[in-house]
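Colleague: My questions will all concern the structure given below.
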Amino acid sequence: MLKITRRKNESFEAFFRRFNRRIQLSGRILQAKKVRYRGHDLNATKRKASAIRRIEKATEREYKLKTGQLKEEDFHQAPRRQ
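Just so we're aligned, residue 1107 is where the sequence shown starts under the working numbering, counting upward by one.
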């Protein structure tokens, strides 16, 4: 835990800059962002199911490209889902 006290005759802005710098150097903000945005680990069954789904979609896409049901231009310009 960081303990930062305001010095005598120190302006709030200077204190706040010093506080922010100490927080950044300690790595606490970086650690908090890692914890917040890190995806959870999937178990083996879900990883395998996801891999199978990817393979099936890839083979279906290849089949549609070969048979002419899907144009290559349409495939590359498809918008991404968010």
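Beta carbons are placed, not taken as given, at the ideal position from N, Cα and C, and that holds for glycine.
Could you name the residues of the same chain whose beta carbon sits closer than 8 angstroms to that of I1135, not counting the 5 residues immediately before and after it, in chain order?
Modeller: Excluding residues within five positions, the ones whose Cβ falls inside 8 angstroms are I1129.
Colleague: Tell me where the alpha helix (DSSP H) around N1126 begins and ends.
Modeller: N1126 -> alpha helix (DSSP H) spans 1118 to 1132.
Colleague: I believe E1178 touches L1171 by the beta-carbon criterion, under 8 angstroms. Please report the beta-carbon distance rounded to the nearest angstrom.
Modeller: Right, the Cβ-Cβ distance comes to about 6 angstroms (below 8 angstroms), so this counts as a contact.
Colleague: Beta-carbon separation of I1110 and F1118 under 9 angstroms?
Modeller: Contact: no.
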